[in-house]
Amino acid sequence: MDKNPRTHYRNETGVWSFLGAILFLGFLQVAQADVDAGREAYKSQDYELALKEFMPLAEQGDENAQFYMGLMYANGYGLPKDPEEADKWFEKFSEHLDVSAKFNLGIMYYQGKSVPKNVEKAIAWFKKAAAEGDAEAQFNLGFIYDNGYGVPQDREEALKWYRDAANQGIVEAQNNLGVMYSEGQGIAKDYVQAYFWFNVAAKQGDKNAEKIRDTLAKDMNTSQMAEAIKLTHEWQLASGH
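The sequence shown begins at 1 in this note's numbering and counts up one residue at a time.
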């Protein structure tokens with residue numbers, strides 16, 4: 001079973017390289033002098049000046065300033081720590097961008113970079129992204145519930161999120177579903193479903209899934225094999241993968 005969540009940062013066009021908490025919004029490349037001044041003050045830990053620069057801009061709708069206001073409230077930099085106020089500013093920030101902003105905020109809280117680590121808040125942001133169809137957020141939710149990271153382990157909840165991600169072509173989710181069905185984790189053991197998901201992953205090039213699929217086949221009868229292959233064909237037609 002896959003041991004790692006998807007923890008890279010990304011923007012609308014691909015993966016972000018995380019160059020440090022204070023550079024989280026560097027890709028926006030805004031030119032406003034006040035934002036730049038606020039960013040420099042934040043970097044030098046002059047939070048009083050950063051707050052003076054960012055607050056009016058954030059209230060005017062600048063997404064950079066809103067993000068930094070979220071950071072400052074989350075950490076108690078220059079003003080009392082206030083997680084709810086941080087959430088308010090992060091929510092405003094995320095409204096300016098696509099679903100990747102919500103995914104990235106989930107990663108930020110999951111890893112505890114830029115803000116105090118908080119898996120519950122990570123889950124909340126991943127769920128916002130997942131509700132918009134983000135497959136990696138769906139996989140991360142499955143992973144968190146599957147392993148009980150920061151929340152009680154809930155294999156049924158994990159199964160639901162893995163299935164959503166798997167149906168969008170996330171190979172790790174397909175493999176994890178295969179494991180859960182083959183071992184009866186959170187659901188009744190079902191070799192047909194296990195073979196089906198490993199077969200789907202194998203057809204996307206996963207060699208380990210191919211090996212596990214072929215091992216499962218030795219314990220399946222002809223009828224079970226036919227059903228699993230039928231499910232694979234139907235899934236491929238429906239998903240386009």
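Ideal Cβ placement from N, Cα and C applies to all residues, glycine included.
Opening and closing residue of the alpha helix (DSSP H) in which residue i lies
i, result
"Asp225", "One point to set straight first is that residue 225 is Met, not Asp, in the sequence displayed. Segment Thr222 to Ser239, the alpha helix (DSSP H) holding Met225."
"Gly148", "Gly148 -> no alpha helix (DSSP H), and no H or E assigned at all."
"Tyr110", "Val99 to Gln111"
"Ser44", "First-last for Ser44: undefined, no H or E at that position."
"Ser182", "Val171 to Glu183"
"Ala158", "Arg155 to Ala166"
"Leu216", "Lys207 to Ala217"
"Val119", "Val119 to Ala131"
"Asn200", "For clarity, residue 200 is Val in the given sequence; the question names Asn instead. Tyr191 to Lys203 is the span of the alpha helix (DSSP H), which, as asked, contains Val200."
"Tyr77", "Segment: none, Tyr77 is in no alpha helix (DSSP H) and carries neither H nor E."
"Lys81", "It is not in any alpha helix (DSSP H) - Lys81 carries neither H nor E in the DSSP assignment."
Residues near residue i in its chain [Cβ-Cβ closer than 6 Å; skip 5 each side]
i, result
"Asp206", "Val171"
"Leu25", "Below a pLDDT of 50, predicted positions are generally treated as unreliable, and Leu25, at 46, falls in that range; the measurement from the model is reported next regardless. Contacts found: Asn64 and Phe67."
"Ala135", "Ala165, Gln168 and Ile170"
"Tyr162", "Gly142, Ala173, Asn176 and Leu177"
"Ala74", "Ala86 and Val115"
"Leu231", "Phe196"
"His233", "none"
"Asn118", "Tyr109"
Own chain residues within Cβ distance below 7 Å of residue i, not counting five before or after
i, result
"Gly186", "Arg155, Glu156, Ala158, Leu159 and Met180"
"Pro80", "none"
"Lys218", "none"
"Asp34", "Glu53 and Leu57"
"Tyr47", "Met72, Tyr77 and Gly78"
"Ser239", "Asn167 and Gly169"
"Gln224", "Tyr191 and Val192"
"Ser125", "The identity of residue 125 in the sequence shown is Trp, whereas the question assumes Ser. Cβ neighbours of Trp125 beyond the five flanking positions: Lys102, Leu105, Gly106 and Tyr109."
"Ala41", "Leu49, Ala50 and Glu53"
"Tyr149", "Val119"
"Pro83", "Ala74"
Assumed close pair residue i, residue j - CB separation to whole angstroms, cut-off 8 Å
i, j, result
"Val99", "Glu53", "Rounded, the Cβ-Cβ distance is 29 Å, inconsistent with contact."
"Ala173", "Tyr195", "Contact doesn't hold; Cβ gap of about 16 Å is too wide."
"Asn147", "Gln138", "Asn147 to Gln138, Cβ: 15 Å. No contact."
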